[in-house]
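Peer 1:
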Amino acid sequence: MRRLLRRLLSDADRRSIESDLAELFEVRRRRDGDRAAARWLARQRLLYPFHLFADRLRGGIADWIAGLRGLGRDVPYSVRSLARAPALAATILLTVGVGLGSTTAMLSVVRAVLISPLPYAEPESLVWIYTDNPPFRFRFSVVDYRALEADHPAFSNVAAYQTQLVTITAGDRSERVVAKAVSGSYFPLLRQRPIVGRLFDPSDDRRDDPLAVVTHGFWQRHFGGDPAVPGATIALDGVVHTIVGVLQPPEGPLESSVAVFTAARWPVPKRKGPFFIMALGRLRADVPRAEALHTLRATNARLFPIWRSSYQDEKATWGMQDLKERVVGETGARLLLGLAAVACVLLIAWVNTVNLLIARALNRSRELAIRGALGASRGRLVQHLLAEAGVLAAGAAVVGLSVAAGAVRLIATYGGAYIPRIDEVALSGVVLGWLAGLALLSCLVIGLVPAIQTSRLRLQSALTSGGRSATDGPAARRLRRALVAVEFALATPLLVAAALVTASLDRLNRVDVGIDTARVLTAGVSLPGARYAENADRRAFWDRALARLAALPGVEAAALADSRPPHEGYNLNNFNLEDRPTPPGENQPICPWIAASPDFFKAVGLPLERGRLFDTRDLAGGPPVVIVDRAWASRFFPGAEVLGRRFQEGGCTTCPWITVVGVVGTVKFSGLESPDQGTVYYPFAGLPNGYLVLRAADPATLVAPVRQAVRQLDQSLPLTDIATGEELVSNSLATSRHLSVLVGMFALTAVALSLVGIYGVMVYFVQQHTRDIGIRLALGGEPSAMRRIVVAQGLRLVVVGVGLGVATAFFTGRLMRTMLFGISPTDPWMMAAVSLALVGVAAVACLAPARRAARLDPVTILREG
Numbered sequence: 000m001r002r003l004l005r006r007l008l009s010d011a012d013r014r015s016i017e018s019d020l021a022e023l024f025e026v027r028r029r030r031d032g033d034r035a036a037a038r039w040l041a042r043q044r045l046l047y048p049f050h051l052f053a054d055r056l057r058g059g060i061a062d063w064i065a066g067l068r069g070l071g072r073d074v075p076y077s078v079r080s081l082a083r084a085p086a087l088a089a090t091i092l093l094t095v096g097v098g099l100g101s102t103t104a105m106l107s108v109v110r111a112v113l114i115s116p117l118p119y120a121e122p123e124s125l126v127w128i129y130t131d132n133p134p135f136r137f138r139f140s141v142v143d144y145r146a147l148e149a150d151h152p153a154f155s156n157v158a159a160y161q162t163q164l165v166t167i168t169a170g171d172r173s174e175r176v177v178a179k180a181v182s183g184s185y186f187p188l189l190r191q192r193p194i195v196g197r198l199f200d201p202s203d204d205r206r207d208d209p210l211a212v213v214t215h216g217f218w219q220r221h222f223g224g225d226p227a228v229p230g231a232t233i234a235l236d237g238v239v240h241t242i243v244g245v246l247q248p249p250e251g252p253l254e255s256s257v258a259v260f261t262a263a264r265w266p267v268p269k270r271k272g273p274f275f276i277m278a279l280g281r282l283r284a285d286v287p288r289a290e291a292l293h294t295l296r297a298t299n300a301r302l303f304p305i306w307r308s309s310y311q312d313e314k315a316t317w318g319m320q321d322l323k324e325r326v327v328g329e330t331g332a333r334l335l336l337g338l339a340a341v342a343c344v345l346l347i348a349w350v351n352t353v354n355l356l357i358a359r360a361l362n363r364s365r366e367l368a369i370r371g372a373l374g375a376s377r378g379r380l381v382q383h384l385l386a387e388a389g390v391l392a393a394g395a396a397v398v399g400l401s402v403a404a405g406a407v408r409l410i411a412t413y414g415g416a417y418i419p420r421i422d423e424v425a426l427s428g429v430v431l432g433w434l435a436g437l438a439l440l441s442c443l444v445i446g447l448v449p450a451i452q453t454s455r456l457r458l459q460s461a462l463t464s465g466g467r468s469a470t471d472g473p474a475a476r477r478l479r480r481a482l483v484a485v486e487f488a489l490a491t492p493l494l495v496a497a498a499l500v501t502a503s504l505d506r507l508n509r510v511d512v513g514i515d516t517a518r519v520l521t522a523g524v525s526l527p528g529a530r531y532a533e534n535a536d537r538r539a540f541w542d543r544a545l546a547r548l549a550a551l552p553g554v555e556a557a558a559l560a561d562s563r564p565p566h567e568g569y570n571l572n573n574f575n576l577e578d579r580p581t582p583p584g585e586n587q588p589i590c591p592w593i594a595a596s597p598d599f600f601k602a603v604g605l606p607l608e609r610g611r612l613f614d615t616r617d618l619a620g621g622p623p624v625v626i627v628d629r630a631w632a633s634r635f636f637p638g639a640e641v642l643g644r645r646f647q648e649g650g651c652t653t654c655p656w657i658t659v660v661g662v663v664g665t666v667k668f669s670g671l672e673s674p675d676q677g678t679v680y681y682p683f684a685g686l687p688n689g690y691l692v693l694r695a696a697d698p699a700t701l702v703a704p705v706r707q708a709v710r711q712l713d714q715s716l717p718l719t720d721i722a723t724g725e726e727l728v729s730n731s732l733a734t735s736r737h738l739s740v741l742v743g744m745f746a747l748t749a750v751a752l753s754l755v756g757i758y759g760v761m762v763y764f765v766q767q768h769t770r771d772i773g774i775r776l777a778l779g780g781e782p783s784a785m786r787r788i789v790v791a792q793g794l795r796l797v798v799v800g801v802g803l804g805v806a807t808a809f810f811t812g813r814l815m816r817t818m819l820f821g822i823s824p825t826d827p828w829m830m831a832a833v834s835l836a837l838v839g840v841a842a843v844a845c846l847a848p849a850r851r852a853a854r855l856d857p858v859t860i861l862r863e864g
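Numbering follows numbering that gives the first Met the number 0, in which position 299 of the sequence shown is assigned residue number 298; successive positions increment by one, without gaps.
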């Protein structure tokens with residue numbers, strides 16, 4: 000009990016209580032006797048702490064109620080007070096609101112893409128299974144999947160799919176949509192359900208009739224949500240499919256942009272390749288991942304000897320990756336960079352607001368001193384200032400909500416091409432809770448620091464200062480200057496990041512694609528298998544199409560290819576050189592293989608350097624030949640003649656030898672940022688899908704004539720992916736460009752806020768030192784010297800902040816290594832340029848207060864003093 004009393008009472012209180020109890024004990028002892036008085040004293044000592052606790056609780060509740068009443072008066076007063084300073088209030092609401100809104104928007108994206116689990120049942124057990132051939136991760140072949148399907152002890156289920164573009168024909172209207180050919184186990188593995196009809200199951204793998212499942216969006220657009228759609232038919236590439244069901248929304252990221260699912264019909268392969276199947280698996284709960292990986296590699300090892308004649312890469316094995324990691328890819332690093340950028344902007348907005356509110360409190364020092372003189376405690380004054388901060392934080396949260404809603408809409412509109420799971424981004428209840436939490440944190444940050452600092456001011460001097468505001472002490476001045484240094488320390492790494500991604504984008508823009516992009520038009524065409532089943536039919540159509548397109552006014556050349564530069568060379572193939580065979584156990588070389596018609600090189604402006612181009616003999620089934628580019632020749636035969644060299648494709652030992660007959664210039668097919676690994680061109684002869692490639696002085700004007708020419712050949716064929724060469728390059732840079740704009744926008748905002756901060760501090764510095772400046776001027780000081788003093792004071796803070804920021808950028812910039820091209824994340828010249836630029840613009844911001852100091856009239860200042 001004594002221990003409890005010690006905690007509740009001070010030493011003086013305890014001595015006073017013991018003295019009172021001793022006097023009462025004597026009275027009780029004389030009246031009731033020693034024994035009764037002792038019992039009374041024991042009861043009092045036992046019950047007194049509880050009485051004391053109850054009294055203090057009642058007092059605390061009364062103080063809390065009084066505080067609420069005071070807060071109820073403070074809030075309306077704060078609103079009226081801020082309305083009398085509209086510029087200050089608007090600045091704080093806008094800057095903090097933008098920081099809150101942009102941070103909330105980025106948090107919503109990060110939550111949807113990186114944090115939230117995939118919208119499938121037990122998504123943590125889903126994995127992507129691939130052919131691991133470092134540094135490449137290839138898809139499965141039909142051989143691989145059939146072997147996995149027959150032997151998967153570590154997985155409760157496996158499935159596979161192939162994504163492709165198909166033409167849907169309805170009457171005289173044709174439309175190109177994304178379709179997925181899936182195994183019957185696909186929907187059971189993901190545990191998806193139909194909203195109408197049924198989905199595929201393993202029994203559909205053994206059926207011969209073409210079946211289809213449509214997505215909810217496709218069902219609404221094409222069938223108006225008719226529940227009787229099962230049994231209806233649609234024509235996909237000329238083949239009539241029977242719809243068996245509609246997939247229940249919302250679909251997951253694997254179904255993003257997909258309109259139709261078909262039951263896969265993969266023929267029995269004659270060799271190990273090609274690799275085009277995406278394989279999925281659901282891990283059994285009782286199997287560790289390491290064991291599952293071991294079983295995959297064991298199955299592949301048993302499979303390898305069977306197909307050794309067509310696939311020699313013995314080092315290639317099977318691997319697996321969490322499906323979520325596969326879906327997200329490299330987007331996570333870019334999103335985290337964006338989140339760090341908006342967090343820096345929010346922190347700078349807080350720091351700026353704290354500085355503004357400290358200055359406001361100093362200007363209101365006389366008012367606060369009067370409140371204190373009338374009986375307001377320091378706690379009451381702090382509560383009043385916190386109420387004002389709460390009003391500002393609530394208003395900023397409203398602004399932030401509008402900014403977040405607009406930002407999320409912009410991200411959803413323009414980010415779909417490079418942000419996975421974009422359709423899951425929304426201002427959910429959790430995200431709004433984060434906004435409320437950030438607003439509360441803003442209230443505490445921008446309210447407590449100025450309130451505590453103001454409570455330490457010498458307010459009593461304000462009552463006798465003739466109306467002047469109180470002055471802050473050395474500690475307060477150090478705090479305000481430190482806050483400005485912090486602003487520049489936060490803005491510097493953000494500006495360095497913006498400069499780096501902008502420089503990287505500039506270097507990418509300067510990369511030579513290898514073709515004449517200004518005179519090229521491309522458009523995709525896919526021939527339906529039902530009407531163009533034979534190779535001769537397809538070749539006849541392509542011949543007619545090229546002849547008609549070449550006759551169009553303005554067309555200089557018309558050709559075909561199955562890929563487009565600079566980033567659509569998806570057909571990677573391995574090969575074995577006759578002169579330099581790959582040693583056993585080593586990976587064979589890999590590069591893009593592009594199917595091209597004879598006039599392709601003329602159409603894209605690609606010069607022939609040695610040898611010859613394709614001719615009719617090569618298209619008619621003569622000995623297999625290829626044309627290689629300069630990078631391929633330099634990679635495999637540096638300084639030697641490459642014409643006449645032979646190799647076998649796909650690791651196949653029984654395939655015919657392919658001869659190199661020509662060398663052309665190097666073209667980027669694997670991305671502008673990828674090193675030149677070489678490209679192999681083979682004749683485009685009878686392929687069902689391809690791109691029309693036209694050369695013209697003004698390619699954009701050919702879109703309508705080309706579309707009309709193709710429709711005249713086949714009314715049901717739509718043109719897809721129409722793009723000029725310049726548009727293809729621009730699209731390949733979309734991700735880098737948007738990242739540059741995003742980071743650059745936030746960096747400029749951070750710099751602007753920092754400049755406002757240094758300007759405000761230097762204005763206040765001049766106000767606080769007006770008398771000192773006046774005395775210096777009266778004693779003969781030069782106005783230019785006053786300007787130098789003020790600017791030097793400001794730049795001293797800026798240099799400290801920029802120095803800290805550069806050190807931070809040096810250590811954190813390495814995280815951006817994978818996002819940059821042609822520039823180091825710690826490039827010293829870039830950091831020096833950013834530092835000098837920041838110091839320069841900060842000097843300009845300090846110049847206005849400095850000129851004001853130099854123009855002060857010393858006579859007027861000394862008379863007022």
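Quick reminder that beta carbons are idealized off the backbone N, C-alpha and C, glycines included.
(1) Can you name the start and end residues of the beta strand (DSSP E) that Ala262 belongs to?
(2) With a floor of 3 residues, list each beta strand (DSSP E) that falls wholly inside the segment 228-282, ordered by position along the chain.
(3) Within the chosen definition, does the segment 631-639 reach the segment 693-703 through at least 3 CB pairs nearer than 8 Å?
(4) Answer with yes or no whether the minimum CB distance from Glu313 to chain C is below 8 Å.
(5) DSSP beta-bridge partners for Cys590?
(6) Considering only the beta carbon of each residue, do Pro687 and Leu526 sit closer than 8 Å?
(7) Looking at the secondary structure, which residues open and close the alpha helix (DSSP H) in which Ala291 lies?
(8) Starting from the C-beta of Trp813, find all residues in its chain whose C-beta is less than 6 Å away, skip the five residues before and the five after it, and write them out in chain order.
(9) Would you call the CB atoms of Val282 and Leu92 closer than 8 Å?
(10) For Ala158, which residues in the same chain have their Cβ closer than 6 Å to its Cβ, ignoring the five residues on either side in sequence?
(11) Would you kindly check if the distance between the Cβ of Leu752 and the Cβ of Ile347 is under 8 Å?
(12) Assuming Ala522 contacts Leu718 (C-beta within less than 8 Å), just tell me the rounded distance between them.
(13) Is Arg563 buried or exposed, if buried means 16 or more other CB atoms sit within 10 Å of its CB?
(14) Taking the C-alpha atoms as reference points, what is the distance between Pro229 and Leu235?
(15) In or out: Val341 buried (at least 16 other Cβ within 10 Å) or exposed?
(16) Count the other CB atoms within 10 Å of the CB of Gln320; is the residue buried (16 or more) or exposed (fewer)?
(17) With 16 other CB atoms within 10 Å as the buried threshold, where does Gln707 fall?
(18) If we count the other Cβ atoms within 10 Å of its Cβ and call it buried at 16 or more, is Gln711 buried or exposed?
(19) Report yes if the CB atom of Leu655 is closer than 8 Å to the CB atom of Pro623, and no otherwise.
(20) Beta-carbon separation of Val142 and Trp265 under 8 Å?
(21) Would the beta-carbon of Leu559 fall within 8 Å of that of Tyr690?
(22) Could you check whether Thr811 and Pro492 sit closer than 8 Å to each other, using their CB atoms as the reference points?
(23) Between the Cα of Leu437 and those of Asp826, Val95, Val195, spot the shortest distance and give me the residue it belongs to.
(24) Looking at the secondary structure, which residues open and close the beta strand (DSSP E) in which Asp542 lies?
(25) Do you know how far the Cα of Ala733 is from the Cα of Gly513?
(26) Ordered along the chain, which non-local residues of its own chain (more than five positions away) have a Cβ less than 8 Å from that of Ile445?
(27) With DSSP as the reference, please indicate the residues paired to Arg175 in a beta bridge.
(28) Considering only the alpha carbon of each residue, which of Leu338, Tyr413, Ala450, Glu423 lies closest to Leu385?
(29) How many angstroms separate the CA atom of Val112 from the CA atom of Leu738?
(30) Can you round the beta-carbon distance between Arg795 and Ala849 to whole angstroms, since I take them to be within the 8 Å contact cut?
(31) Give me the residue from Phe135, Val660, Ala550, Ala502 with the minimum Cα distance to Trp828.
(32) Buried or exposed: which applies to Tyr569, given that a residue is buried once 16 or more other Cβ atoms fall within 10 Å of its Cβ?
(33) Which residue's Cα is closest to the Cα of Asn132: Asp515, Gln587, Arg629?
(34) Can you say whether Val554 is buried or exposed, counting buried as having 16 or more other CB atoms within 10 angstroms of its CB?
(35) Using C-beta distances below 8 Å, list every residue in its chain close to Gly610, excluding the 5 sequence neighbours before and after it, in chain order.
(36) Just curious, the alpha helix (DSSP H) that Phe222 is in, first and last residue?
Peer 2: To lay it out plainly:
(1) First-last of the beta strand (DSSP E) with Ala262: 257-262.
(2) Correct list: 232-235, 238-246, 257-262, 274-282.
(3) Put simply, the segment 631-639 does not touch the segment 693-703. Fewer than three CB pairs are less than 8 Å apart.
(4) As a matter of chain content, chain C is missing from the structure shown, which is built from one protein chain.
(5) Looking at the DSSP assignment, Cys590 forms a beta bridge with Asn572.
(6) Yes, Cβ-Cβ distance for Pro687 and Leu526 is below 8 Å.
(7) Ala291: member of the alpha helix (DSSP H) spanning 288-302, first to last residue.
(8) Looking at the sequence shown, residue 813 is not Trp but Arg. Only residues of its own chain outside the window of five on either side were considered, and among them Pro824 have a CB closer than 6 Å to the CB of Arg813, listed in chain order.
(9) It should be pointed out that residue 282 corresponds to Leu in this sequence rather than to Val. With contacts defined by Cβ atoms closer than 8 Å, Leu282 and Leu92 do not form a contacting pair.
(10) Excluding five sequence positions before and after Ala158, the CB atoms of its chain that fall closer than 6 Å to its own CB belong to Ser182, Ser184, Tyr185, Leu188, Leu279, given in chain order.
(11) Their beta carbons are under 8 Å apart, which means Ile347 touches Leu752 by this criterion.
(12) In this structure, Ala522 and Leu718 form a Cβ contact; the two beta carbons are roughly 4 Å apart against a cut-off of 8 Å.
(13) By the neighbour-count rule (16 or more Cβ atoms within 10 Å), Arg563 is buried.
(14) Approximately 16 Å between the Cα atoms of the pair.
(15) The Cβ neighbour count for Val341, taken over all protein chains shown within 10 Å, is at least 16; the residue is labelled buried.
(16) Counting Cβ neighbours within 10 Å, Gln320 comes out exposed, since fewer than 16 surround it.
(17) Around the CB of Gln707, fewer than 16 other CB atoms lie within 10 Å, so the residue is classed as exposed.
(18) Counting other Cβ atoms within 10 Å of its Cβ, Gln711 stays below 16 and is therefore classed as exposed.
(19) With the sequence shown as reference, residue 655 is identified as Pro, and Leu is not the correct amino acid for it. Yes, the Cβ-Cβ distance between Pro655 and Pro623 is below 8 Å.
(20) No, the pair does not count as a contact, with Cβ atoms beyond the cut-off.
(21) Result yes, Cβ atoms of Leu559 and Tyr690 sit closer than 8 Å.
(22) A contact, by the Cβ cut-off of 8 Å.
(23) Sorting Asp826, Val95, Val195 by C-alpha distance to the C-alpha of Leu437 places Val95 at the top.
(24) Unbroken run through Asp542 is the alpha helix (DSSP H), 534-549; no beta strand (DSSP E).
(25) Here the C-alpha atom of Gly513 lies approximately 19 Å from the C-alpha atom of Ala733.
(26) These residues qualify, in order along the chain: Ile91, Val95, Trp349, Thr352, Val353, Leu356, Ala388, Leu391, Ala392.
(27) Here Arg175 is bridged, per DSSP, to Thr166.
(28) For Leu385, the closest C-alpha among the options Leu338, Tyr413, Ala450, Glu423 is that of Ala450.
(29) If you draw a straight line from the Cα of Val112 to the Cα of Leu738, it comes to about 16 Å.
(30) The pair is not a contact, with the Cβ atoms about 13 Å apart (cut-off 8 Å).
(31) If you compare the alpha carbons of Phe135, Val660, Ala550, Ala502 with that of Trp828, the shortest gap goes to Ala502.
(32) With fewer than 16 other Cβ atoms within 10 Å, it is exposed.
(33) Ranked by Cα distance from Asn132, the first of Asp515, Gln587, Arg629 is Gln587.
(34) Val554 is buried by the Cβ-count criterion.
(35) If we look at Gly610 and ignore the five residues flanking it on each side, its Cβ neighbours are Ile626, Leu642, Val659, Val660, Gly661, Val662.
(36) For Phe222, the enclosing alpha helix (DSSP H) covers residues 215-222.
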